[in-house]
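See structure below.
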Amino acid sequence: MSRIIRELREMWRPLDPALDCSLPDPGVREAELRRILGAPLDGALPVDPPPRVGRLRRTVFAAAGAVAAGGVLVVANPAQGPAFAATPAPLTGLQNSSTPAAAELRAILARTTAMAPERRRDIDWMRLQSWSLNSEISKSVTSAVVPEETEIERRGDGSATITIRLGEPVAERGGIRDRVETWWKLRDEQPRTESFGAGGYPSAWPVNERPPTNPATLRNWLLYGSKPADEAEVLRAVNDLSHERTLRRDERAALLTVLTDLKNLRYAGRVTDRAERAGEAFTLDSAAFGLPIRYTLVLDSATGAVLSMEELLTGDAPGLNVKAPAVIKYTTFTPVAP
């Protein structure tokens with residue numbers, strides 16, 4: 003047994019609800035403890051459908067989240083039933099609104115088009131912080147929300163460098179954990195980096211193409227020429243694009259115009275995202291991908307930049323060890339000036 007696992011077990015030993023049970027051997031004791039903790043079932047439903055062909059995998063280094071994580075368990079009171087996985091708290095200030103989004107989007111569009119165009123090198127450089135209930139780390143660590151931090155430097159010739167590390171634990175919801183700081187003992191000391199040569203970046207779209215600046219062309223380009231069966235497809239495509247590109251002024255303006263055509267998109271007020279930035283929130287409810295989800299898109303009100311995307315489970319989902327409503331996925335996007 004590794005030193006880290008031993009230390010973690012010793013730390014959690016006083017909170018073990020099966021500690022005083024007169025079970026015959028350690029193997030039975032551990033099985034009983036896992037039953038009490040309501041460990042996730044092997045048949046848990048996936049949060050995401052299979053990725054689209056060519057879509058950049060968000061877990062390039064999924065093994066980074068598996069470092070000794072098997073020894074971290076969520077502790078629960080047996081009288082309260084199975085333990086739910088920790089999930090992030092909802093965004094601060096988010097309103098349950100029925101206000102159509104178009105008017106607010108047009109106001110942001112006007113401010114965006116009034117900006118001077120950026121002068122930047124042919125490079126997309128961004129930092130992302132992301133967490134998903136279905137991530138590799140969340141399958142074994144359910145007592146704290148530990149996001150993944152990714153830095154992407156994508157160059158005009160289709161080459162790129164991607165660096166991924168585990169982030170700092172954020173406030174948990176749904177589990178009892180008095181010493182979240184001990185996660186640092188499991189954190190990778192070195193980030194994981196992968197480089198791609200010219201034309202090798204795993205893009206969802208042609209690797210050497212910038213997003214179109216004509217709204218109609220952009221809408222068609224985002225969805226590969228197909229008509230969306232559900233408006234959530236557009237938001238998911240926006241999320242994918244934001245993982246790949248730092249949009250320029252005219253590209254952002256075209257994207258805002260595409261969003262104004264979403265009839266079910268609602269303006270949900272001004273919020274503070276998980277990177278502590280103020281932005282305008284827009285929500286859309288859909289069950290098109292198998293789960294009842296409220297998608298939340300947060301935009302910079304001055305520049306039209308995508309600040310973050312979130313998914314909130316709004317109804318029951320048998321097989322997921324969370325209680326609705328619960329945030330099951332989020333990503334924040336921060337451009338880095340090249």
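Under the working numbering, the first residue of the sequence shown is numbered 3, with each subsequent residue one higher.
All C-beta atoms in this analysis are idealised placements derived from N, C-alpha and C, irrespective of residue type, glycine included.
Computed from a predicted model, the values in this text were never measured in an experiment.
Start-to-end residues for the beta strand (DSSP E) that takes in residue i
i, result
"Ala270", "Arg268 to Thr274"
"Ala319", "Note, Ala319: premise wrong, no beta strand (DSSP E); not H, not E."
Of the residues the options, the one placed nearest residue i, counting alpha carbons only
i, options, result
"Arg268", "Glu246, Ala255 and Ser288", "Ser288"
"Ser2", "Ala270, Trp207 and Arg167", "One cannot answer for residue 2 here, as it falls past the ends of the chain, which runs 3 to 340."
"Arg113", "Arg251, Asp263, Phe291 and Tyr297", "Arg251"
"Gly201", "Ala162, Arg276 and Ala277", "Ala162"
"Glu282", "Thr89, Ala87 and Ile110", "Ile110"
"Val300", "Leu322, Thr316 and Arg272", "Arg272"
"Ser99", "Pro294, Phe284 and Arg221", "Phe284"
"Tyr203", "Ile125, Ala290, Met311 and Pro102", "Ile125"
"Pro214", "Arg194, Arg247, Thr195 and Phe198", "Arg247"
"Ala239", "Asn216, Glu211 and Ala206", "Ala206"
"Glu120", "Ser244, Val329 and Glu253", "Glu253"
"Leu96", "Leu322, Leu237, Leu286 and Ala88", "Leu286"
"Glu278", "Ala87, Leu93, Thr89 and Ala88", "Leu93"
"Gly160", "Asn323, Ala218 and Trp127", "Trp127"
"Leu130", "Gly169, Ala218 and Leu293", "Gly169"
"Pro171", "Ala88, Pro294 and Leu258", "Ala88"
"Arg122", "Pro230, Ala91, Pro90 and Arg157", "Arg157"
"Thr324", "Ala304, Leu293, Val338 and Asp302", "Looking at the sequence provided, one finds Val at residue 324 rather than Thr. Residue Leu293 is the option with its Cα nearest to Val324."
"Arg1", "Pro102, Asn241, Leu257 and Ala103", "No information on residue 1 is available, as it lies outside the stretch 3 to 340 that the chain covers here."
"Thr259", "Pro90, Ala91 and Ala104", "Ala104"
"Ala118", "Ser244, Thr305, Ala231 and Gly321", "Thr305"
"Arg147", "Pro327, Ala91, Pro193 and Thr101", "Looking at the sequence provided, one finds Val at residue 147 rather than Arg. For the residues Pro327, Ala91, Pro193 and Thr101, the minimum Cα distance to Val147 belongs to Ala91."
Simplified DSSP state of residue i, which is helix, strand or coil
i, result
"Arg121", "coil"
"Arg212", "coil"
"Glu196", "strand"
"Trp223", "helix"
"Glu155", "strand"
"Ile330", "strand"
"Leu25", "At Leu25 the pLDDT is 47, less than 50, meaning the model places this residue with poor confidence and gives no usable figure here."
"Ala304", "coil"
"Pro102", "strand"
"Glu233", "coil"
"Ser244", "helix"
"Leu264", "coil"
"Val74", "Legend: pLDDT at Val74 = 30, less than 50; position of this residue unreliable, value from coordinates given subsequently. Val74 falls in the coil class under three-state DSSP."
"Pro217", "helix"
"Ala116", "coil"
"Thr89", "coil"
"Ala206", "coil"
"Pro42", "With a pLDDT of 43 at Pro42, under the threshold of 50, the modelled position of that residue is not reliable, and no figure is offered here."
"Thr259", "helix"
"Asn136", "coil"
Sheet register partners of residue i (DSSP bridge)
i, result
"Leu281", "Reading the sequence as shown, one finds Gly at residue 281 and not Leu. The partner list for Gly281 (beta bridge, DSSP) reads Val273."
"Val324", "Partner(s): none; Val324 has no beta bridge."
"Gln131", "Glu151 and Thr334"
"Ser288", "Ile295"
"Asp126", "Arg156"
"Thr94", "Thr274"
"Ser310", "Val300 and Thr334"
Whole-number beta carbon distance between residue j and residue i, since they are thought to touch under 8 Å
i, j, result
"Asn266", "Glu233", "5 Å"
"Leu261", "Leu107", "5 Å"
"Thr316", "Arg296", "5 Å"
"Thr115", "Ala255", "5 Å"
"Phe335", "Val308", "6 Å"
"Thr298", "Ala270", "7 Å"
"Ile164", "Thr195", "7 Å"
"Leu225", "Glu235", "6 Å"
"Ile330", "Ser134", "7 Å"
Enclosing alpha helix (DSSP H) for residue i [first to last residue]
i, result
"Thr165", "First-last for Thr165: Ala162 to Leu168, but that is the beta strand (DSSP E), not the alpha helix (DSSP H)."
"Arg250", "Segment: none, Arg250 is in no alpha helix (DSSP H) and carries neither H nor E."
Interface flag, residue i vs chain D, CB-CB below 7 Å
i, result
"Thr195", "Given the protein chain composition of this structure (a single chain), no chain D is represented."
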